[in-house]
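Under our numbering, the residues of the sequence shown are numbered 280 to 540, in order. A virtual CB, placed ideally from N, CA and C, is assigned to each residue, including glycine. A short worksheet on the structure shown next.
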Amino acid sequence: MKKEPIRDEFLKKRIERQKKIRKRRLAAFFVIFVILAVCTAVVLSFTVFFPIKRIDIQGSKIYSAEEILDASKIEKGDNLFAISRGKTQTIIKQKLPFVDEIKFERKLPDTLKIKVKDAVEVAVFKVKNKYYTVSSSGWVMEENKKAPKNLPLIICEVGCKVGGEIVFKNEEEKQILDSISTCIEGRNLKVNLIDVTVKTTLNLKLEDRFDVDLGSANNLPEKINHLAAMIEKISPEKRGKIDLGMWSSTNTKGTFVEENN
């Protein structure tokens with residue numbers, strides 16, 4: 280008789296343990312059920328649900344909506360959520376290189392909006408005997424046999440392929456070019472040519488009348504400031520050579536040699 284309470288206590292703990300086990304199993308089953316339900320919903324949304332019935336393309340003044348749609352490879356009936364934005368944007372830009380930016384907007388239940396921004400040519404790079412126009416994002420837009428007018432000609436070691444990004448073969452040249460461009464940006468200076476192939480003699484041509492020797496890449500911001508100040512003081516009818524090759528923090532002088540007509 281004295282052992283009965285111990286037995287009852289043992290049975291009570293056993294029953295409680297079994298209840299906890301059942302609760303854990305029910306919780307695990309519920310979690311698995313929810314996961315399967317979510318997975319099923321995701322699969323259906325990428326296969327059966329949300330077929331595209333309407334494609335609205337706008338923004339480009341260079342390409343028609345039909346050209347952009349054809350390049351995208353998107354068709355009515357495709358799933359609205361199965362489209363890879365990054366991949367589709369790359370495909371469009373490769374086939375239509377005058378496209379700069381593309382934004383996709385899904386409008387449930389069945390509409391895809393494509394907003395296109397056209398690229399603008401900002402410079403031309405010479406590769407062997409060909410000239411390639413490039414956008415501000417570094418996208419190669421067009422190949423030409425002659426250098427297009429009114430665009431700065433950039434001389435450096437690059438690889439160019441229409442419908443792809445410009446590839447700099449020399450990282451130092453890229454850094455120097457970026458520095459020069461940054462220093463000139465916002466100034467009222469027309470750039471005709473930038474040549475960074477010789478690191479000790481960086482050359483510019485400005486305003487269709489000045490050949491500029493910047494020397495090395497040292498003190499570029501200060502040199503460009505000095506250059507801009509010099510040009511402001513030179514009469515508009517004059518042309519010639521500006522030498523800042525020896526410019527330094529201790530020798531802040533530049534020379535202008537007028538070209539004889």
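For Lys382, the enclosing beta strand (DSSP E) starts and ends at 378-386. The three-state reading of DSSP puts Asn358 in strand, counting E and B together. If you draw a 10 Å sphere on the C-beta of Met525, you find fewer than 16 other C-beta atoms in it, and that means exposed. Inter-segment contact for the stretch 335-346 and the stretch 295-303 is absent: fewer than three beta-carbon pairs are separated by less than 8 Å. Only residues of its own chain outside the window of five on either side were considered, and among them Lys396 have a CB closer than 7 Å to the CB of Glu380, listed in chain order.
Our two residues, Pro427 and Tyr410, have alpha carbons roughly 8 Å apart in a direct line. Ranked by Cα distance from Gln368, the options Gly356, Gly438, Lys352 are led by Lys352. A direct Cα-Cα distance of roughly 18 Å separates Leu432 from Gly465. Distance between Thr480 and Pro376, taken at the CA atoms: about 34 Å.
For the pair Phe329 and Glu346, the Cα-to-Cα distance works out to about 24 Å.
In this chain, Glu486 is not harboured by any beta strand (DSSP E), its DSSP state being neither H nor E. Taken in chain order, the unbroken stretches of alpha helix (DSSP H) that lie wholly in the stretch 393-477 and span 4 residues or more are 450-463. Two segments are said to touch when three or more pairs of C-beta atoms, one from each, lie closer than 8 Å; by this definition the stretch 381-389 does not touch the stretch 413-420. With contacts defined as CB atoms closer than 9 Å, Ile513 and Thr476 fail to qualify as a contacting pair. Restricting attention to Val491, Glu422, Val399, the CA atom closest to the CA of Lys405 is found in Glu422. A straight line joining the alpha-carbon of Lys392 with that of Asn467 spans about 39 Å.
Beta-carbon to beta-carbon, Ile473 and Ile459 are separated by about 6 Å, close enough to satisfy the 8 Å threshold. The DSSP-derived three-state label of Gly365 is helix.
Taken atom to atom, the span from the alpha-carbon of Lys382 to that of Ser527 is near 47 Å. Taking a C-beta distance under 9 Å as the contact criterion, Glu538 and Lys520 qualify as a contact pair.
Comparing C-alpha distances from Asn471 to each of Lys478, Lys517, Asn482 shows the shortest one belongs to Asn482. Runs of the beta strand (DSSP E) spanning 3 or more residues and lying entirely within the stretch 510-534 occur at 519-522, in chain order.
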